[in-house]
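Quick note: the sequence shown, position 82, residue 82 per full-length UniProt numbering, numbers continuous.
Glycine included, C-beta positions come from ideal geometry on N, C-alpha and C.
Only a predicted model underlies this, so the values are computations on that prediction, with no experimental measurement involved.
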Amino acid sequence: MDSMSKAFQMESKQYDRGAKILGLLGDEACLLIVHELIVSGPLNVFELSEALNIPKHTISQHLQILYAFKIVSCEYKSHQVYCKVEDETIIEIIKVLGLLD
1 MDSMSKAFQM ESKQYDRGAK ILGLLGDEAC LLIVHELIVS GPLNVFELSE ALNIPKHTIS
61 QHLQILYAFK IVSCEYKSHQ VYCKVEDETI IEIIKVLGLL D
């Protein structure tokens, strides 16, 4: 494979990932979760459910998807899973949407 083909393939993967991220952020529940994690910092499923008034199972399902696409990262603390958003690109997207000061 020549360098031009490799470059195109790499760009194609980046566009594909970008499109998937924008698609996920187009889902209102995902957008709310991402926003809350940026504003509040690491939270667990129960805390997100309480803050957003969204059922825990819905939060959990969305977090699994957001984690799979590396939009959120998660860590265990005291038998709880805490999730957070650290990716500056995701934070910038939320800012561009006018959802952060």
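Worksheet entry | C-beta contact flag for V34 and L25 at 8 Å | Less than 8 Å divides the Cβ of V34 from the Cβ of L25.
Practice prompt. Could you check the C-alpha separation between F46 and I54 for me, to the nearest Å?
Written response: If you take the alpha carbons of F46 and I54, they lie about 10 Å apart.
Discussion item. Measuring alpha carbon to alpha carbon, tell me which residue in E11, G18, I59, V81 is nearest L32.
Written reply: Among E11, G18, I59, V81, the Cα nearest to that of L32 belongs to I59.
Worksheet item: Would you report the Cα separation of D101 and V85, rounded to the nearest angstrom?
Response: Inter-residue distance for D101 and V85 is about 16 Å (C-alpha atoms, whole angstroms).
Discussion item. Output needed for C74: all residues of its chain with C-beta closer than 7 Å, excluding positions within five of it in sequence on either side, in chain order.
Written reply: Answer for C74: Y67, V81, Y82, C83, listed in chain order.
Practice prompt. Starting from S40, follow the beta strand (DSSP E) in both directions and report where the run begins and ends.
Written response: Unbroken run through S40 is the alpha helix (DSSP H), 28-40; no beta strand (DSSP E).
Practice prompt. Entirely within the UniProt domain "HTH arsR-type" (10-101) and at least 3 residues each: give me those beta strand (DSSP E) ranges in chain order.
Written response: The UniProt domain "HTH arsR-type" (10-101) contains these whole beta strand (DSSP E) runs: 73-77, 80-84.
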